[in-house]
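Student:
Next up, the structure:
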């Protein structure tokens, strides 16, 4: 197990290097720092001097990959690639364009993001699995057809509609909870409730339909027929046998997401004014603050790879046949 | 010539896709075994109805993809000069919707503006009231007749639409029955089998008739902040959504197909490289990757203003590049599926036999493996379509979608979002955008389901 984990982490290194090079190419080679400076300064104030000054302030006044003028190790380290991109391997994300430390922002904003994303994920998963199980129980009846049609309808509605419609209905018409904002501590419940409910409803269509098809795949298998043949009641068959075996394909899709919950949801957070990582990213995109976007890309891919490792580990927990070596 | 055709990048790509689709359809028609699953799709009532809805959307989208520039009135030098404004055939067809703009907000079917203004009446008195619209309901001299007029026009339009629908149906029924000996039984057979489609056609025809008749004198879905007709905006958005949903496949398909099959069939280092590529791309959160790429695209467009001779081609290039970016970020799913399936197929006996006979790899791939992957490709592409249409709205909201000057569901929602906070509320622009999007995506999803059911080999069928 330990050996497996170490190997997986070593596998992650080339992938992270790939991500790093890709973002570096996107942000610095396709567009030179001069272009960035021009964008940031606006059309009016562009002079060669002001561009130089902006680059110097933000540390972009170095060669891209190789510094020919420097000596020994500095040839590699005194470059934009080393200073801006490679440093992220040490979780050193540098500063955003307005001079704040990105790492500090990430740690403070993680809490609110999780406060929304974690309940949404857990409640959503439970609701979707139960709904899918009910549909599988009543398979090939009118109830099943109606349920699946309902799922397709829910899937076809834009996520933006759930947020805008829900905000309007609950906060403006019924005046139940505040429309947006966030507070820490026990008071946060009022602010978290609506985004969580909307997130659950928005995700239920696609996931229930998917889980239902997984359950139906399992129900068609031989061991289910055996279980029925020996006289087990349908509920026992569903919960003891089908649900347990269906967990394997469900886990493949679900566990990968767990680490990414830290990143928060872009749409929900920006609509509800929650100071999490999602709204941080949106603000950075709107302000064209490339250092933040770059940091978030790197963080995201790191969490994704963590998710892949977690998926493998979770297999061993639900499926005793799987051994990680 | 009184106009000059203008082929934008996206237009060209749309018509290339259309041609490719036509070639595929012609090929499938000639091969009975390929036609069989499509027959199954055709027997599914939901699938045919959703296909009808989809094709209406596609017709609007295609008409909106034929762009041209009109000629300006003759000047004294004698040479024809064209306006810089690029319009489409669809714009020309719904000319009144496009040009009859009001001052600002007005509710659906309204004859007055949405907010009170100071009006000077004939006697010179100034009072606060709702001013009449310039175009919406301008034919009405008596305001009290408004409701009856709306009702009458809707009814008349629905009647005409119903008649047109009936004539289309009877025409196609006649075409189906021509040359058949027992016309009566044939007719009954078709009607009983196509009942849902016939009813849906009639309902949609009546609906379109009513809307069209109302739209000639009213703003059926109201007007937005600058007085543009919301119905027109929603109809224009269809093309943007369709382009994003379809042109993206031009990127995903070659990438996913080539890399997926190569990885699965050749294995070894090719497989390693392809797997590495898609893990790297997958590991970056897709919205962020798209955002990063679009931001970069924006900088490039901004620094090269000399590439574009008008604003339409600029917005269009951004649309095409968005499609390319979406394609580059979304080919991984298709690639992974095709790789897995190819890995499975290459171990089957008939492939081994072909290899033993010394058939070249190229021929094995094209003759034996590709045809067995087609159902996966089709299912994935159809399912991706609706996801892409929905993604456009989200991306435009985040600010990394289409050009703000391009009419799309995303820009409509983005513009109308803040109006929800107004008192009294302006809801129609949002409702129109979400409604049209729901119709498009729902039809696509239902159709995709039918396609998957018909093509999925796992579902064994007796027939």
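Protein chains in written order, with our numbering: chain A, 27 to 351; chain B, 5 to 467.
Ideal Cβ placement from N, Cα and C applies to all residues, glycine included.
This one's a predicted model, so the numbers in the text were calculated from it and none came from an experiment.
Taking residue 308 (chain A) as part of the alpha helix (DSSP H), name the residues at either end of that continuous run.
Tutor: Counting along the chain, the alpha helix (DSSP H) containing residue 308 (chain A) begins and ends at 303-313.
Student: So, using beta-carbon positions, are residue 51 (chain B) and residue 455 (chain B) closer together than 9 Å?
Tutor: Yes, the Cβ-Cβ distance between residue 51 (chain B) and residue 455 (chain B) is below 9 Å.
Student: Report the residues of the segment 177-202 of chain A with a CB closer than 7 Å to any CB of chain B, ordered along the chain.
Tutor: Answer set for the segment 177-202 of chain A: 178, 179, 181, 182, 183, 184, 185, 186, 187, 190, 194.
Student: So for residue 9 (chain B), helix, strand or coil by DSSP?
Tutor: Looking at residue 9 (chain B) - three-state DSSP - the assignment turns out to be strand.
Student: So, with DSSP's three-state summary, where would you put residue 123 (chain B)?
Tutor: Reduced to three states, the DSSP call for residue 123 (chain B) is strand.
Student: Who are the near neighbours of residue 189 (chain A) in its chain, counting only those whose CB is closer than 7 Å to its CB and skipping five residues on each side?
Tutor: Correct list, in chain order: 224, 293, 294, 297.
Student: How many angstroms separate the CA atom of residue 63 (chain B) from the CA atom of residue 270 (chain A)?
Tutor: Each residue's alpha carbon lies about 48 Å from the other.
Student: Quick one: list the residues of chain B neighbouring residue 281 (chain A), beta-carbon separation under 7 Å, in chain order.
Tutor: Chain B residues near residue 281 (chain A): none, gap ~15 Å exceeds 7 Å.
Student: What do you reckon, are the CB atoms on residue 186 (chain A) and residue 397 (chain B) nearer than 9 Å?
Tutor: In contact: residue 186 (chain A) and residue 397 (chain B) (Cβ atoms closer than 9 Å).
Student: Could one say the Cβ of residue 271 (chain A) lies closer than 9 Å to chain B's Cβ atoms, at least one of them?
Tutor: Closer than 9 Å: no.
Student: How long is the line joining the alpha carbons of residue 191 (chain A) and residue 244 (chain B), rounded to whole angstroms?
Tutor: Their backbone Cα atoms lie some 24 Å apart in a straight line.
Student: Less than 9 Å between the C-beta atoms of residue 446 (chain B) and residue 179 (chain A), yes or no?
Tutor: Their beta carbons are under 9 Å apart, which means residue 446 (chain B) touches residue 179 (chain A) by this criterion.
Student: Compute the Euclidean distance between the alpha carbons of residue 444 (chain B) and residue 417 (chain B), then round it to the nearest angstrom.
Tutor: Going from the Cα of residue 444 (chain B) to the Cα of residue 417 (chain B) covers about 16 Å.
Student: Give me, in chain order, the residues of the same chain whose beta-carbon lies closer than 6 Å to that of residue 349 (chain A); leave out the 5 immediate sequence neighbours on both sides.
Tutor: Closer than 6 Å at Cβ, skipping near neighbours: no residue.
Student: Going along chain A in order, which residues have a C-beta closer than 7 Å to the C-beta of residue 287 (chain B)?
Tutor: Within 7 Å Cβ-Cβ: 41, 45, 327, 330, 331.
Student: Within 9 Å of any Cβ in chain A, is that where the Cβ of residue 403 (chain B) sits?
Tutor: Output row for residue 403 (chain B): interface = yes.
Student: At what residues does the beta strand (DSSP E) containing residue 150 (chain B) begin and finish?
Tutor: Premise fails: residue 150 (chain B) lies in the alpha helix (DSSP H), 150-181, not in any beta strand (DSSP E).
Student: Under 9 Å, Cβ to Cβ, is there at least one residue of chain B near residue 136 (chain A)?
Tutor: No - not a single Cβ of chain B is within 9 Å of the one on residue 136 (chain A).
Student: In terms of DSSP beta bridges, what is residue 2 (chain B) paired with?
Tutor: Given that chain B is displayed from residue 5 to residue 467, the structure contains no residue 2 (chain B) and the question cannot be resolved.
Student: Can you tell me whether residue 365 (chain B) is helix, strand or coil according to DSSP?
Tutor: In the structure shown, residue 365 (chain B) sits in a helix (DSSP, three-state: H, G or I).
Student: Whose Cβ in chain A lies nearer than 8 Å to the Cβ of residue 449 (chain B)?
Tutor: Those are 178, 181, 182, listed as they occur along chain A.
Student: Is the beta carbon of residue 108 (chain B) less than 9 Å from the beta carbon of residue 227 (chain B)?
Tutor: A contact, by the Cβ cut-off of 9 Å.
Student: Looking only at DSSP bridge pairs, what is residue 131 (chain B) linked to?
Tutor: DSSP lists B:123 as partners of residue 131 (chain B).
Student: Please name the residues in the segment 366-400 of chain B whose beta-carbon is closer than 8 Å to at least one beta-carbon of chain A, in chain order.
Tutor: Answer in chain order: 390, 394, 397, 398.
Student: Distance check for residue 420 (chain B) and residue 77 (chain B), CA to CA, integer angstroms please.
Tutor: If I take the Cα positions, the gap works out to 37 Å.
Student: Considering only their Cβ atoms, is the gap separating residue 46 (chain A) from residue 114 (chain A) smaller than 9 Å?
Tutor: Yes, the pair counts as a contact, with Cβ atoms nearer than the cut-off.
Student: Determine the direct distance from the alpha carbon of residue 135 (chain A) to that of residue 303 (chain A), and round the result to whole angstroms.
Tutor: So the alpha carbons of these two residues sit roughly 5 Å apart.
Student: Taking its Cβ as the centre, do 16 or more other Cβ atoms sit within 10 Å of residue 356 (chain A), making it buried, or is it exposed?
Tutor: Residue 356 (chain A) lies beyond the residue range present for chain A, which begins at 27 and ends at 351; the question has no answer from this structure.
Student: For chain A, check one thing: does any of its Cβ atoms lie closer than 9 Å to the Cβ of residue 152 (chain B)?
Tutor: Closer than 9 Å: no.
Student: Is the shortest distance between the beta-carbon of residue 410 (chain B) and the beta-carbons of chain A less than 9 Å?
Tutor: Not one chain A Cβ lies under 9 Å of residue 410 (chain B).
Student: Using alpha carbons as the reference points, say which of A:315, A:328, A:206, A:154 lies closest to residue 126 (chain A).
Tutor: Residue 126 (chain A) has its Cα closest to that of A:315, out of A:315, A:328, A:206, A:154.
Student: Given a limit of 9 Å on CB to CB distance, which residues of the segment 337-353 of chain B reach chain A?
Tutor: For the segment 337-353 of chain B, which is checked against every Cβ of chain A, not one residue is closer than 9 Å.
Student: Along chain A, in chain order, which residues have C-beta atoms closer than 9 Å to that of residue 280 (chain B)?
Tutor: The answer, in chain order, is 40, 41, 44.
Student: Taking only beta carbons into account, state which residues of the segment 289-303 of chain A come closer than 7 Å to chain B, listed in chain order.
Tutor: Result list: 289, 292, 293.
Student: Determine, for residue 53 (chain A), whether the minimum Cβ-Cβ distance to residues of chain B falls below 9 Å.
Tutor: Output row for residue 53 (chain A): interface = yes.
Student: Quick one: residues in its chain with C-beta nearer than 7 Å to the C-beta of residue 101 (chain B), no 5 flanking neighbours on either side, listed in chain order?
Tutor: If we look at residue 101 (chain B) and ignore the five residues flanking it on each side, its Cβ neighbours are 219, 233, 235, 236.
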